[in-house]
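Numbering (our numbering), first residue to last: 26 to 82.
One structure below.
This is the structure:
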């Protein structure tokens, strides 16, 4: 499982960051429709992406 923070959007991608400050580009069509900048997302071991209720502070 991987937790990422949605940092911003660029074109058709959400740019996300993990706790080690590594950046990932995820296509918008792969993300949950409710995902927005500032949200925490969780990518399960089987590749399912969901929005977490917990903000990373």
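For each residue, glycine too, the CB sits at the ideal point set by N, CA and C.
Apart from sequence neighbours up to five positions away, the residues of its chain that approach residue 59 with a beta-carbon distance below 7 Å are 76, ordered along the chain.
Around the CB of residue 41, 16 or more other CB atoms lie within 10 Å, so the residue is classed as buried. Residue 52 is bridged by DSSP to 38. For the pair residue 31 and residue 63, the CB atoms are nearer than the 8 Å cut-off. With contacts defined by Cβ atoms closer than 8 Å, residue 53 and residue 78 do not form a contacting pair.
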